[in-house]
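Quick notes on the structure that follows.
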Amino acid sequence: MENKWMIFRRALKDSLIKMNPKIQVQNPVMMVVYLGAIITTVLFFVKEPQGENQSWFTFSIALILWLTLLFANFSEAIAEGRGKAQADSLKQAREDVTAKRIKSIEKKDEFEEVISSNLKKGDIVYVVSGEQIPMDGEVIEGAASVDESAITGESAPVIRESGGDRSAVTGGTTLVSDFLIIKVTAESGHSFLDKMISMVEGTEIKKTPNEIGLQIFLITLTIIFLIVTATLYTFTDFSSQLVGKGEAISITTLTALLVCLAPTTIGALVSSIGIAGMSRLNKENVVAMSGRAIEAAGDVDILLLDKTGTITLGNRRASEFRPVLGVSEKELADAAQLSSIADETAEGRSIVILAKERFEIRERVMNQKEMTFIEFSAKTRMSGIDYDGDSIRKGAADTMRIFVEESGGIYPEDCDEIVSEIAKVGGTPLVVVKNNIVLGVIYLKDIVKNGVKEKFEDMRKMGIKTIMITGDNPMTAAAIAAEAGVDDFLAEATPENKMDLIRKYQSEGHLVAMTGDGTNDAPALAQADVAVAMNTGTQAAKEAGNMIDLDSSPTKLISIVKIGKQLLMTRGALTTFSIANDIAKYFAIIPVLFFSIYPELSALNIMNLTNPTTAILSAVIYNAVIIVFLIPLALKGVSYKEMPANKILSHNLLVYGLGGIVAPFIAIKLLDMLLTLLFF
130 MENKWMIFRR ALKDSLIKMN PKIQVQNPVM MVVYLGAIIT TVLFFVKEPQ
180 GENQSWFTFS IALILWLTLL FANFSEAIAE GRGKAQADSL KQAREDVTAK
230 RIKSIEKKDE FEEVISSNLK KGDIVYVVSG EQIPMDGEVI EGAASVDESA
280 ITGESAPVIR ESGGDRSAVT GGTTLVSDFL IIKVTAESGH SFLDKMISMV
330 EGTEIKKTPN EIGLQIFLIT LTIIFLIVTA TLYTFTDFSS QLVGKGEAIS
380 ITTLTALLVC LAPTTIGALV SSIGIAGMSR LNKENVVAMS GRAIEAAGDV
430 DILLLDKTGT ITLGNRRASE FRPVLGVSEK ELADAAQLSS IADETAEGRS
480 IVILAKERFE IRERVMNQKE MTFIEFSAKT RMSGIDYDGD SIRKGAADTM
530 RIFVEESGGI YPEDCDEIVS EIAKVGGTPL VVVKNNIVLG VIYLKDIVKN
580 GVKEKFEDMR KMGIKTIMIT GDNPMTAAAI AAEAGVDDFL AEATPENKMD
630 LIRKYQSEGH LVAMTGDGTN DAPALAQADV AVAMNTGTQA AKEAGNMIDL
680 DSSPTKLISI VKIGKQLLMT RGALTTFSIA NDIAKYFAII PVLFFSIYPE
730 LSALNIMNLT NPTTAILSAV IYNAVIIVFL IPLALKGVSY KEMPANKILS
780 HNLLVYGLGG IVAPFIAIKL LDMLLTLLFF
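Heads up, the working numbering is the position in the sequence shown plus 129, with the first residue counted as 1.
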């Protein structure tokens, strides 16, 4: 609650700061309101030479126009305030610390202490348990647990080690075990934390192509209404002299009319919509390197998704025990469990659990008999146990065939048949051998995540094609793709064919999104329109991506696409509402302005407004207050639904288009009645 109040107070202060003409000129539509407020304020003091010449009316219009500007500034400031609050906490993690800079890995005990801000790219630093990592870098020696909660908010430490795809470290995080030798990859002011702070503060948010296009459209509308209102003065002056009654519309009224007819509603909110979209992305622990990336996510129609960790749980699990002829399933399960007792992998644990569940085979008292555990190695490609005179091994089918035959045993044909059946349905077969006799096969299955199929169906409704990327063979890939419900798959994926696939779809006019974490993903990430790099990944992957997922969750891509689409839907809905508002206000108040010259136009006063003064005041008040009412919608975003683009357009036109026409008529009539009751 206190944090929300701080954001609110900061937004109020920033709203006043944004009254600076240098800031206002960046939004041409609101600049018209700014100039209108100045003109009416001057007219109040110098007294308008013609028109109603009512000081209270001029004062009221000037006050409401200044409030309109304040409300517009507040909408942007409150959106920025969320990011600034997050940036404040990040700045605490960016404080300068003392770093141990070394000349070489071999002489890590010979170091010099320097301030982290003085580190240069390529410097090598030595960090031990309890110390803060001074700058972004790549681990070149060591493995350690790192507390990244200052950045990700996740309290559980993560492992960082040299080599592989988990070698990148971020300045401002803390080492909680062992040591690391790190090669600095960024200098002060250009680190990941610096970029993140700049993005969440909004200091690096540039207008996207869509925003620029919308702004040009709004400026064009404003110019049209400027020309219309400018000609009304000479027209009413000429008409009043011609018919001999009435008078020209005053400059105050024309100024108020211009503000009412210009698309000030969307002009006031367009900035906050974009910033709020960035803020929603930050809440998902994703940092976008540009606003363009978020918009591109909203237009994406091809999703490339890694199988492991995204579609499947990431670890295969034992599903069945398939014995060969002459062997019971319980005998196979017993041997499989024994071979996996020392196997701490997820697959090994699942074999132990399956044997317990199927046959009530419980844990052995390991200290009663002599046991020798055989760990898996790349050379032997098998693991197992020597137990009470028995030798049990498990491994891939081709490896176990060679093992059995070289030992003089016989590899049964029905084992090949079982292996083939499992492979056809996308499983992984592990052959179990006891004392050189094949007992059967363990069926390891890729477990498709719950709800994934439904998510892909939602994507399909939105017109998005999902493609699974996997290193599996085509047969296995096809089986998992069918179970998960993806539209297509790329089997035996390599960096080259990933990039070729992206280029193929882009050449056909599609926008492509993908995730990655390794150096081998960097070329494809650089090619994709929306590229989400994992924070745990390599520096190459993070530099190639235009978004970084701090949680390193491969499924985050689906959420990112939804946020991007919600941003575009919100902007489109509020633009529709704003333009519909302008049309409604035009037909509501224009006829009333000509009453004194052409009384017969009263037939067009369908709302039965009292007089031009109450009509204009009602319209200007509504024009200011509607901004306040729409701020929560701009910040939260319109309700997101998985529908095709044409249905979304129809829905927005009905709800926000029709609502934008009806709302002004009702609100202006109620305000006119209230003003008439109080002052007329």
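No residue lacks a Cβ here, since even glycine has one placed at the ideal position from N, Cα and C.
May I have the straight-line CA-CA distance separating K374 from D366, to the nearest angstrom? Answer to the nearest angstrom: the Cα atoms are 10 Å apart.
Based on DSSP bridge pairs, tell me the residues matched to Q183. Its beta-bridge partners do not exist; DSSP assigns none.
Look up F618 in the DSSP assignment and say whether it is helix, strand or coil. strand
Pull the bridge partners of I598 from the DSSP assignment, please. D435, L619
Give me the residue from V275, V305, I795, E316 with the minimum Cα distance to S296. V275
Which partner residues does T303 have in the DSSP bridge list? Q261, D276
Would a check of beta-carbon distances place S369 closer than 9 Å to chain D? Chain labels in this structure do not include chain D; a single protein chain is all it has.
Measuring only the C-alpha atoms, how far is I207 from L697? The alpha-carbon atoms of I207 and L697 are separated by roughly 20 Å.
Contact defined as beta carbons within less than 8 Å: I believe A447 pairs with I480. What is the distance between those atoms, to the nearest angstrom? 4 Å
Hey, how far is the Cα of D616 from the Cα of G592? 11 Å
Within 10 Å of its beta-carbon, does N182 have 16 or more other beta-carbons around it, so buried, or fewer, so exposed? A caution first: N182 carries a pLDDT of 48, below 50, which makes its placement in the model unreliable, though a value can still be read off. N182 comes out exposed.
Please determine, among K249, L559, L759, T393, the residue with the shortest C-alpha to C-alpha distance to S512. L559
Going along the chain, which residues of its own chain have a beta-carbon closer than 7 Å to the beta-carbon of R445, five neighbours each way excluded? E476, T557, L573, K574, D575
Just curious, the alpha helix (DSSP H) that K631 is in, first and last residue? Note on residue identity: the sequence assigns Ile, not Lys, to residue 631. Taken as a continuous stretch (DSSP letters only), the alpha helix (DSSP H) holding I631 covers 624-636.
By the three-class DSSP mapping on this structure, what secondary structure does T509 have? Note: T509 maps to coil in three-state DSSP.
Can you tell me where the alpha helix (DSSP H) with R230 in it begins and where it stops? Unbroken run through R230 is the beta strand (DSSP E), 227-231; no alpha helix (DSSP H).
Identity of the residues DSSP links to K523 by a beta bridge: S512, V561
With distances taken from CA atoms, which of E424, I269, A385, A359 is nearest G342? E424
On the DSSP bridge assignment, give the partners of T501 in chain order. The partner list for T501 (beta bridge, DSSP) reads D515.
Applying the 10 Å Cβ sphere with the 16-neighbour rule, what's the burial state of G638? exposed
Buried versus exposed, by CB contacts within 10 Å (16 or more), Q179: Here the model assigns Q179 a pLDDT of 47, short of 50, so the residue's position is not dependable, and the following value carries that caveat. So Q179 ends up on the exposed side.
If you compare alpha carbons, which of N649, M676, V456, D658 is closest to T667? N649
Taking the C-alpha atoms as reference points, what is the distance between V158 and L686? 35 Å
Under the assumption that I718 contacts C389 (Cβ atoms under 8 Å), give the Cβ distance between them as a whole number of angstroms. 7 Å
Does the segment 376-387 come close enough to the segment 154-173 to have 3 or more Cβ pairs within less than 8 Å? yes
In terms of alpha-carbon separation, which member of I692, M802, T704 lies closest to K770? Looking from the CA of K770, the closest CA among I692, M802, T704 belongs to I692.
Cβ shell of D601 (< 8 Å), same chain only, five flanking positions each side left out: K436, G555, I609, A620, E621
Between the beta-carbon of A422 and the beta-carbon of N664, is there less than 9 Å? no
F200, buried or exposed, once every other Cβ within 10 Å from all chains shown has been counted against 16: buried
Reducing DSSP to helix, strand and coil, say where V791 ends up. V791 sits in a helix when the DSSP states are folded into three classes.
Starting from K574, follow its DSSP beta bridges and name the residues at the other end. R446
By Cβ distance, which residues of its chain are closer than 7 Å to M160, with the 5 residues on each side in sequence left out? Q153, V154
Same chain, Cβ closer than 6 Å to L347, five either side skipped, listed in chain order: V158, P392, G396
In the structure shown, what three-state DSSP assignment does L799 receive? helix
Can you tell me the Cα-Cα spacing of T587 and D307, whole angstroms? According to the sequence shown, residue 587 is Asp rather than Thr. Whole-angstrom Cα-Cα distance: 45 Å.
What does DSSP give as the partner residues of V268 in its beta bridges? I311
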